[in-house]
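In our numbering, the protein residues as written are 1 to 241.
What follows is a set of notes on a single structure, which appears directly below.
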Amino acid sequence: MTSSLHHRAIENLGTRIISGELAAGHVMLAEQLEEELQVSRSVIREAVRVLQSMGLVETTKRVGIRVLPSHRWNPFDAQVIRWRLASEARGAQLRSLAELRAAVEPAAAELAAHNAPAQLRLELMDAAYAMREAGHSGDVTRFLELDIRFHSLLLSGSGNEMFANLMGQVAETLTGRTVHGLMPDHPHEGALQWHVDVAEAISRGDAAAAREASDRILRRTMSRMADTWTGQPRVFVPVAD
């Protein structure tokens with residue numbers, strides 16, 4: 001029960017902050033939140049601790065719990081990504097994720113062609129062929145599962161642990177596109193083939209071809225989603241003096 005209340009408090013406050021209902025600079029008091037959410041002080045304290053770890057709020061003695069501006073949020077936190085994808089800022093979040101992937105995944109594909117272990121190359125091939133099959137059959141759930149696996153293997157196969165640690169963010173964007181109806185039941189045939197092309201290039205150690213095919217996938221993805229972020233503001237993070 002306590003866990004459920006804790007989750008509910010985090011969801012309530014987190015979604016309201018991300019949506020802008022609780023604007024940057026807004027100050028909340030723990031006792032007010034207790035009454036509003038009908039939970040104990042310990043639940044509020046733990047919820048605020050989690051929101052602090054995401055960069056959404058800060059606590060100040062004799063002031064209260066202050067909502068922080070969006071440039072202070074942790075953009076790599078999976079829950080922050082999920083909340084943004086469910087808000088009116090969905091387009092901006094998709095743009096940030098797409099641009100991150102476009103910068104990283106082609107480089108990861110190139111590195112994987114050089115570095116990936118033999119077993120991972122086989123698994124990547126299996127995932128690419130299974131993706132094509134699921135795409136042809138219109139099995140959206142299975143396709144999403146395989147899509148996440150394919151791109152996770154790609155990042156892991158790079159041998160760069162910082163790239164590999166973006167697996168969660170890539171999974172969130174692929175899931176979000178499906179959950180919010182931005183993926184067709186039958187993916188583009190060319191895109192399905194390009195995934196196979198990436199896997200085959202990595203399998204034979206052709207770094208240039210792997211990078212080119214991955215870049216093609218991401219360029220098409222960005223082109224297809226561009227309408228979702230038209231007019232959406234960007235977040236500029238201040239540079240510390």
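Each residue gets a CB set at the ideal place from its N, CA and C atoms; glycine is no exception.
If you're wondering where the values come from, they're calculated on a predicted model, not measured in any experiment.
Going by C-alpha distance, which of R84, E58 and R62 is nearest R16?
Mapped onto the sequence shown, residue 16 falls at position 16. Minimum Cα distance to R16 is reached at R84.
Kindly indicate which residue of S137, P233, A47 and M131 has the alpha-carbon position closest to the one of E145.
The sequence position of residue 145 within the sequence shown is 145, counting from 1. E145 has its Cα closest to that of M131, out of S137, P233, A47 and M131.
Is M183 helix, strand or coil by DSSP?
On the sequence shown, residue 183 is found 183 positions in, with the first residue counted as 1. M183 falls in the coil class under three-state DSSP.
Just verifying my parser: in three-state terms, what is the DSSP assignment at R62?
Here residue 62 refers to the residue found at position 62 when the sequence shown is read from its first residue. Three-state result, R62: coil.
Does the distance from the CB of V235 to the CB of T178 come in under 8 Å?
The count along the sequence shown starts at 1 and reaches residue 235 at position 235. The count along the sequence shown starts at 1 and reaches residue 178 at position 178. Going by C-beta atoms, V235 is not nearer than 8 Å to T178.
Contact check, I44 vs A30 under 8 Å by CB: the rounded distance?
In the sequence shown, the residue the question calls residue 44 occupies position 44. In the sequence shown, the residue the question calls residue 30 occupies position 30. 5 Å between Cβ atoms; contact.
So, at 7 Å on beta carbons, what are the nonlocal neighbours of A47 in its own chain, with the 5 sequence-adjacent residues on each side left out?
Working through the sequence shown from its first residue, we reach residue 47 at position 47. Result list for A47: H6, A9, I10 and L13, in chain order.
Under the rule that 16 or more other beta-carbon atoms within 10 Å means buried, what is M162, buried or exposed?
Indexing the sequence shown from 1 puts residue 162 at position 162. When all chains shown are included, M162 counts as exposed.
Starting from M222, trace the alpha helix (DSSP H) both ways and give me its first and last residue.
Start at 1 with the first residue of the sequence shown, and residue 222 comes out as number 222. Here the alpha helix (DSSP H) through M222 covers A207 to M225.
So which of S40, Q32 and L97 has the shortest CA-CA distance to S4?
If you number the sequence shown from 1, residue 4 lands on position 4. It is S40.
Per DSSP, V27 forms a beta bridge with which residues?
Taking the sequence shown and counting its residues from 1, the one referred to as residue 27 is at position 27. R66, per the DSSP bridge assignment.
Ignore the nearest five residues each way along the sequence and tell me which others in M28's own chain have a CB closer than 7 Å to its CB.
Sequence index remark: in the sequence shown, residue 28 carries index 28 (1-based). Cβ neighbours of M28 beyond the five flanking positions: G64 and I65.
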